[in-house]
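*Asks:*
Residue numbers (the UniProt record's numbering): 1 to 69.
Dropping the structure here:
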């Protein structure tokens, strides 16, 4: 989990960067920006569902916020 989550975040940020690049250089002539943003949404949802699944399986535990802080 310590490796998978940062890799997923890096992929999400790379997808956002590629969408920005395509937005600046394609000037709306192709759908590469849309595909990059769709990929980002898919990666984000997949990461969220994987974290929920890992918690359900007991691979990770929530620590919560200590009371009084």
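Each residue gets a CB set at the ideal place from its N, CA and C atoms; glycine is no exception. Please read all numbers here as calculations on a predicted model, not as lab measurements.
How do the region 30 to 45 and the region 61 to 68 stand: do at least 3 beta-carbon pairs fall below 8 Å, yes or no?
*Replies:* Using a Cβ-Cβ distance cut-off of 8 Å, the region 30 to 45 and the region 61 to 68 are not in contact, since fewer than three pairs of beta carbons, one from each stretch, lie closer than that value.
*Asks:* Give the straight-line distance between the Cα atoms of residue 57 and residue 1, rounded to the nearest whole angstrom.
*Replies:* Locating residue 57 in the chain shown gives position 57, where the first residue counts as 1. Locating residue 1 in the chain shown gives position 1, where the first residue counts as 1. When rounded, the distance between both Cα atoms is 13 Å.
*Asks:* Report yes or no: do three or more beta-carbon pairs, one from the region 48 to 55 and one from the region 22 to 36, lie closer than 8 Å?
*Replies:* no
*Asks:* Does the beta-carbon distance from residue 36 to residue 10 come in below 8 Å?
*Replies:* In the chain shown, counting from the first residue as 1, residue 36 sits at position 36. In the chain shown, counting from the first residue as 1, residue 10 sits at position 10. Going by C-beta atoms, residue 36 is not nearer than 8 Å to residue 10.
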